[in-house]
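**Q**
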Amino acid sequence: MTQRKTTPGAGDLIQPGEVWLVGAGPGDPDLLTRKAERLLNGCDVVFHDALVGEGVLALIPDGVRLVHVGKRSGRHSKDQKTIDMLIVEAALSGQRVVRLKGGDPAIFARATEEIAACRAAGVTIRICPGITAASAAAAELGISLTLRGLARRLTFVTAHARKGERLDLDWKVLADPKATLAIYMGKAAAEEVSRQLMAHGLAGATPVAIVENASLPDARIFTGRLDLLTIMVKTAIGDGPALLLIGEAAGQAVPTLRDAALAHSAA
Numbered sequence: 042m043t044q045r046k047t048t049p050g051a052g053d054l055i056q057p058g059e060v061w062l063v064g065a066g067p068g069d070p071d072l073l074t075r076k077a078e079r080l081l082n083g084c085d086v087v088f089h090d091a092l093v094g095e096g097v098l099a100l101i102p103d104g105v106r107l108v109h110v111g112k113r114s115g116r117h118s119k120d121q122k123t124i125d126m127l128i129v130e131a132a133l134s135g136q137r138v139v140r141l142k143g144g145d146p147a148i149f150a151r152a153t154e155e156i157a158a159c160r161a162a163g164v165t166i167r168i169c170p171g172i173t174a175a176s177a178a179a180a181e182l183g184i185s186l187t188l189r190g191l192a193r194r195l196t197f198v199t200a201h202a203r204k205g206e207r208l209d210l211d212w213k214v215l216a217d218p219k220a221t222l223a224i225y226m227g228k229a230a231a232e233e234v235s236r237q238l239m240a241h242g243l244a245g246a247t248p249v250a251i252v253e254n255a256s257l258p259d260a261r262i263f264t265g266r267l268d269l270l271t272i273m274v275k276t277a278i279g280d281g282p283a284l285l286l287i288g289e290a291a292g293q294a295v296p297t298l299r300d301a302a303l304a305h306s307a308a
């Protein structure tokens, strides 16, 4: 019989038949919260996203069942209804269940469907927050997203639209020169984002920053202007997850020594 390694009190935090939505953070295992690590040590099964870092998965003890349920653009391993069903079935069988999501479960992570499915089945579900990609990107850039005098508002936006649907955003509100926009899943929509923001009054010279693989050793930083955003994304960004930051605060980015060889300017 395999004995699972546990930290003190890990089994008390998550109960049999219970589900926890756990934020895995941006990828760096050192950014995982202590509570999240305790939950991973005390669970029986982990359903994890494709964007959960390998370093985070390596922290999960032997004997815990890992189920990949990743959903990346154009590469969905399982549909949402199937994921909901698997989570509920595992909990109803008495297992301690962790649903491990990249970043923070409450920010663009499809948490609502899974919460609703568990509640409908009478399954207790709780949330353990994680560090979101915008925070990790700001740390890579060495900037404040809410810089006094330059950014009076911070807005999180997803640029991901369902297949066949147009990107329906309030562009007039988003084109605020005194705001910082943190755009998740924005690579494919970069051209429309740039065009719509400028059409609604945001200057083409507005600073932008793109951070790919934020918090990881292969993180890359690209800085430039809004009117060159499309070119930046098409020529510089790879396959890794990237976050777009748009606004005057992004113009304060000063590459660190680690980033110096990787930082590019589209200007």
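Quick note: to get the numbering used here, add 41 to the position in the sequence shown (first position is 1). Every residue, glycine too, gets a C-beta built ideally from N, C-alpha and C. These numbers were taken from a predicted model, which means no experiment stands behind them.
List, from N- to C-terminal side, the beta strand (DSSP E) runs of 3 residues or more that fit wholly inside the segment 239-297.
**A** For the segment 239-297, whole beta strand (DSSP E) runs of length 3 or above, ordered along the chain, are 248-253, 261-266, 283-287.
**Q** Would you report the Cα separation of K275 and G242, rounded to the nearest angstrom?
**A** Going by the C-alpha atoms only, they are around 24 Å apart.
**Q** Should E130 be labelled buried (16 or more other beta-carbon atoms within 10 Å of its own) or exposed?
**A** E130 is exposed by the Cβ-count criterion.
**Q** Specify the secondary structure class of A229 as computed by DSSP and reduced to three states.
**A** Coil.
**Q** Would you identify the three-state DSSP class for L195, choosing helix, strand or coil?
**A** L195: strand per DSSP, three-state reduction.
**Q** Using a Cβ-Cβ cut-off of 6 Å (strictly less than) and excluding sequence neighbours within five positions of Q237, which residues of its own chain qualify?
**A** So the list reads W212, once near-sequence residues are dropped.
**Q** Does the Cβ of Q56 have 16 or more other Cβ atoms within 10 Å, making it buried, or fewer, making it exposed?
**A** It counts as exposed.
**Q** Give the DSSP bridge partners of R106, in chain order.
**A** Paired residues: V86.
**Q** To the nearest angstrom, how far is it from the Cα of A65 to the Cα of E154?
**A** A65 and E154: Cα-Cα distance of roughly 19 Å.
**Q** With contact counted as at least three CB pairs below 8 Å, one residue from each stretch, are the segment 212-226 and the segment 282-291 in contact?
**A** Segments in contact, yes.
**Q** Would a C-beta distance cut-off of 8 Å place R137 and G83 closer than the cut-off?
**A** The answer is yes: Cβ separation under 8 Å.
**Q** Between S256 and P67, is the Cβ-Cβ spacing less than 8 Å?
**A** Cβ atoms of S256 and P67: closer than 8 Å.
**Q** Determine, using beta-carbon pairs with one atom in the segment 75-92 and one in the segment 137-147, whether at least three such pairs fall under 8 Å.
**A** Result yes; three or more Cβ-Cβ pairs closer than 8 Å.
**Q** Distance check for L54 and R207, CA to CA, integer angstroms please.
**A** In a straight line, the C-alpha of R207 is about 43 Å away from that of L54.
**Q** Suppose the cutoff is 6 Å on Cβ atoms and the five residues either side in sequence are ignored; what does the same chain contact list for L62 look like?
**A** Here the set comprises R140, P146, A152, I168.
**Q** Kindly give me the distance between the Cβ atoms of H186 and A180, rounded to whole angstroms, as I take these residues to be in contact under 8 Å.
**A** Contrary to the premise, residue 186 reads as Leu rather than His in this sequence. Between A180 and L186 the Cβ distance is about 10 Å, and since that is not below 8 Å, they are no contact.
**Q** On a CA-only basis, which of S134, A216, P258, E233 is nearest T247? Give me that one, please.
**A** Per the Cα distances, A216.
**Q** DSSP three-state call for I101: helix, strand or coil?
**A** The answer is coil: DSSP assigns I101 none of H, G, I, E or B.
**Q** Taking Cβ to Cβ, would you say L133 is nearer than 8 Å to A158?
**A** Against a cut-off of 8 Å, the Cβ pair of A158 and L133 comes out as no contact.
**Q** Report the CB separation of V249 from R261 in whole angstroms; it is logged as a contact under 8 Å.
**A** Not quite, the Cβ-Cβ distance comes to about 14 Å (not below 8 Å), so this is no contact.
**Q** Just tell me which of I184, L81, A240 has its CA closest to the CA of A294.
**A** For the residues I184, L81, A240, the minimum Cα distance to A294 belongs to I184.
**Q** Would you please state the rounded distance, in angstroms, between the beta carbons of A192 and A91? I believe it to be under 8 Å.
**A** Contact flag wrong, Cβ pair sits at about 31 Å.
**Q** Can you tell me where the alpha helix (DSSP H) holding R160 begins and where it ends?
**A** It spans 152-161 - the alpha helix (DSSP H) in which R160 sits, taken as one unbroken run.
**Q** Whole angstroms is fine: what's the gap from P282's alpha carbon to G94's?
**A** Rounded to whole angstroms, P282 to G94 spans 11 Å at the Cα level.
**Q** Buried or exposed: where does V97 fall if 16 or more other Cβ atoms within 10 Å of its Cβ makes it buried?
**A** When all chains shown are included, V97 counts as buried.
**Q** Give me, in chain order, the residues of the same chain whose beta-carbon lies closer than 6 Å to that of T271; leave out the 5 immediate sequence neighbours on both sides.
**A** Closer than 6 Å at Cβ, skipping near neighbours: A231, E232, S235.
**Q** So is R299 buried or exposed if we call it buried at 16+ other beta carbons inside 10 Å?
**A** The pLDDT assigned to R299 is 38, lower than 50, so where the model puts this residue is not dependable; a value taken from the coordinates is nonetheless given after this. Looking at its Cβ environment, which holds fewer than 16 other Cβ atoms inside 10 Å, R299 is exposed.
**Q** If we call anything under 8 Å between Cβ atoms a contact, is F197 one with A177?
**A** No, these two residues do not count as a Cβ contact at 8 Å.
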